[in-house]
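Asker: Note that the numbering used here has the sequence shown beginning at 4, numbered continuously upward.
We put the CB at the ideal spot given by N, CA and C, even for glycine.
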Amino acid sequence: MTSSQDILALSATELRRAYLARTLSPVEVTRCYLDRIAAHNERVHAYLDVFAEGALRQAEASEKRLASGLPVGLLEGVPLALKDLMHIAGRRTTAGSTIHAQRAPSEITATVASRLLAAGAVALGKANLVEFAYGGWGTNAGLQAPHNPWDSKVPRSAGGSSSGSGVAVAGGMAAAAIGTDTGGSVRIPSAFCGLTGLKTTQGRVSNFGFELVSHTLDTAGPMAWTAEDAALLLQAMHGPDPMDVATLAHAPEDFMSRLHEPVDGLRISVLPPELLGQTEPCIAAAVADAVRVLQSLGCIRRDGVLESFDLVADQIETGVIISSEAYAAHGSLLAGSPPAGDAASRARMAGGAAITAPRYAEALRRREQRMRAFATCFERTDLLVLPTLPITAQPLATLDENDLSPSRLTRFVGYYGLCAIALPCGLSPDGLPMSVQIVAPAFREGLLLRVGAAFQSATDFHRARPER
Numbered sequence: 004m005t006s007s008q009d010i011l012a013l014s015a016t017e018l019r020r021a022y023l024a025r026t027l028s029p030v031e032v033t034r035c036y037l038d039r040i041a042a043h044n045e046r047v048h049a050y051l052d053v054f055a056e057g058a059l060r061q062a063e064a065s066e067k068r069l070a071s072g073l074p075v076g077l078l079e080g081v082p083l084a085l086k087d088l089m090h091i092a093g094r095r096t097t098a099g100s101t102i103h104a105q106r107a108p109s110e111i112t113a114t115v116a117s118r119l120l121a122a123g124a125v126a127l128g129k130a131n132l133v134e135f136a137y138g139g140w141g142t143n144a145g146l147q148a149p150h151n152p153w154d155s156k157v158p159r160s161a162g163g164s165s166s167g168s169g170v171a172v173a174g175g176m177a178a179a180a181i182g183t184d185t186g187g188s189v190r191i192p193s194a195f196c197g198l199t200g201l202k203t204t205q206g207r208v209s210n211f212g213f214e215l216v217s218h219t220l221d222t223a224g225p226m227a228w229t230a231e232d233a234a235l236l237l238q239a240m241h242g243p244d245p246m247d248v249a250t251l252a253h254a255p256e257d258f259m260s261r262l263h264e265p266v267d268g269l270r271i272s273v274l275p276p277e278l279l280g281q282t283e284p285c286i287a288a289a290v291a292d293a294v295r296v297l298q299s300l301g302c303i304r305r306d307g308v309l310e311s312f313d314l315v316a317d318q319i320e321t322g323v324i325i326s327s328e329a330y331a332a333h334g335s336l337l338a339g340s341p342p343a344g345d346a347a348s349r350a351r352m353a354g355g356a357a358i359t360a361p362r363y364a365e366a367l368r369r370r371e372q373r374m375r376a377f378a379t380c381f382e383r384t385d386l387l388v389l390p391t392l393p394i395t396a397q398p399l400a401t402l403d404e405n406d407l408s409p410s411r412l413t414r415f416v417g418y419y420g421l422c423a424i425a426l427p428c429g430l431s432p433d434g435l436p437m438s439v440q441i442v443a444p445a446f447r448e449g450l451l452l453r454v455g456a457a458f459q460s461a462t463d464f465h466r467a468r469p470e471r
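1. Would you identify the three-state DSSP class for P82, choosing helix, strand or coil?
2. Applying the 10 Å Cβ sphere with the 16-neighbour rule, what's the burial state of G182?
3. How is the alpha helix (DSSP H) around V388 delimited, first residue to last?
4. Within the continuous beta strand (DSSP E) that includes A443, where are the two ends?
5. Report yes or no: do three or more beta-carbon pairs, one from the region 447–467 and one from the region 412–428, lie closer than 8 Å?
6. So, do the region 117–137 and the region 172–181 have three or more beta carbon pairs nearer to each other than 8 Å?
7. In three-state DSSP terms, what is K156?
8. Is the number of C-beta pairs between the region 202–222 and the region 319–334 that are closer than 8 Å three or more?
9. What whole-angstrom Cβ distance do R471 and Q8 have, given they're in contact under 8 Å?
10. Only counting runs of 4 or more residues, tell me where the alpha helix (DSSP H) segments fall wholly within the region 341–414, in order along the chain.
11. Counting Cβ pairs closer than 8 Å, one from the region 269–278 and one from the region 373–385, do we hit at least three?
12. Enumerate in chain order the residues of its own chain whose CB-to-CB distance from V81 is below 6 Å, with the five nearest sequence positions on each side excluded.
13. Along the alpha helix (DSSP H) that carries T114, what are the first and last residues, could you check?
14. Below 6 Å CB to CB, which residues in the same chain sit around L27 once its five sequence neighbours on both sides are set aside?
15. CB-CB under 6 Å to G93, same chain, minus the five flanking residues each way: which ones, in chain order?
16. Please list, in chain order, all residues of the same chain as R207 whose beta carbon is under 6 Å from its beta carbon, the five residues on each side excluded.
17. Taking the straight line between their C-alpha atoms, what separation do you get for A288 and R468?
18. Are A194 and A49 touching if we call contact CB-CB under 8 Å?
19. I need the straight-line Cα distance from L452 to L251, nearest angstrom please.
20. List the whole-angstrom C-beta distance separating M89 from G174, where the pair is believed to meet the contact cut-off of C-beta under 8 Å.
21. Should the region 431–444 be regarded as contacting the region 129–138, the criterion being three or more beta carbon pairs within less than 8 Å?
22. By Cβ distance, which residues of its chain are closer than 6 Å to A366, with the 5 residues on each side in sequence left out?
23. Note down, in chain order, each residue of its chain lying with its Cβ closer than 7 Å to the Cβ of E256, except the 5 sequence neighbours on either side.
24. Identify which residue in D52, A347 and A70 has its Cα closest to the Cα of P29.
25. Here's the rule: buried if 16 or more other CB atoms are within 10 angstroms of the residue's CB, otherwise exposed. What is H150?
26. Could you spell out the range, first to last residue, of the alpha helix (DSSP H) harbouring C285?
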């Protein structure tokens, strides 16, 4: 008999295989997750809303479909956490804000949620996040910051803004999760929490039904234990959507059929220290080891492709776009005397009021120019390799909200319209996750997932779990 501890350590892919082999049932698994949520959520703050009754009904329906012998969905019976930026009809969407604590239930369902549920997924609930998804540390003074499960003694940052999504998976409270990424908000919590996180290209996945912080930069993506899990989730959620015109120019792809093809011959370029800035030595060493693994798989190292780019200056331009669009979307909610919430997130948003229309328009124009220039880098390489984060998870009590370290190495990906994957690459001397980031040109998610799967076939970092 499989113990609940063993069940909660399984990846989404392993769960699916167990269901098809009839060695586990969706109802049994969903109950294990709900029991753990009930026992631990009050301490770690992963969820803002738990769909216990609905999740069990969905699991029962999955069990019946599996028993029928008929074809089943890609995510049949797999329990997921959904970031609470995503509308689901009949459920409140808070966007992590106390301002929306009494908001009426949504009347629409996000396309991503509809597609995941149609694929048989079980929605466990809405995951916590930084207020209005505007912050990289994962804090939320209004609704309580999620606690990173990798340290049971010291409350540490889970990374933001998809903090609750990261904690739900790493803490054994979901098999996988959906986050959103503007300047790193899928990859940062994935890195801090020891997960695989995929930052998709704008237009790959529909944004319909999300409370966006930046309509120019926001993307939805999977957070899970493995690249294979991420491929399953992306397969179910991507594709053209008439409700989001950005998706209409991009045909659906099959991310599963080539997932395990060899990666030999791929050119990789490792970003040099002078571009990265200060990085914890243990992370630099772990990423160097990860590069050697990629080379052992047949990847060819080709460095020196980014000398002309200033990632710090690009961070400033990214900030102009995000601040302007965040204020346009949510700034009116700060007028008058709103309920107390997260002062740091609100201060960042309020800064958008001072950005003039000409400055915003100029930032968008510069981005278009810089995107075209950056694309030429990939004439000389296939992939960029660098740390996802320069630091490991920090104690919540000592955080400086003005420190942009979490997004320093992630923001450029969205700014240049690229895609990227964060992969676990070891534990620090303090037992905290470290992560390597691999970046590809726009709409090359399939390549990233294939490289991620190859890397994980040669390493065991993705099998590490926090003590429970």
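Answerer: Short version:
1. In the three-state reduction of the DSSP assignment, P82 falls in the strand class, which pools E and B.
2. With 16 or more Cβ atoms within 10 Å of its Cβ, G182 is classed as buried.
3. Run containing V388: none in the alpha helix (DSSP H); it sits in the beta strand (DSSP E), L386 to P390.
4. P436 to A443
5. yes
6. Remark: three or more beta-carbon pairs, one from each stretch, lie closer than 8 Å, so the region 117–137 and the region 172–181 are flagged as touching.
7. coil
8. Verdict: yes, contact present.
9. Contact flag correct, Cβ pair sits at about 6 Å.
10. Qualifying alpha helix (DSSP H) stretches, in chain order: 346–353 and 360–378.
11. yes
12. Excluding residues within five positions, the ones whose Cβ falls inside 6 Å are A15, L18, A124 and A178.
13. First-last of the alpha helix (DSSP H) with T114: T114 to A121.
14. The beta carbon of L27 sits closer than 6 Å to those of A21, all from its chain and outside the five residues before and after it, given in chain order.
15. P108
16. H241
17. 21 Å
18. no
19. 22 Å
20. Contact flag wrong, Cβ pair sits at about 20 Å.
21. no
22. E320, V323 and I324
23. G449
24. A70
25. A residue is called buried once 16 or more other Cβ atoms fall within 10 Å of its Cβ, and H150 is buried on that count.
26. P284 to S299
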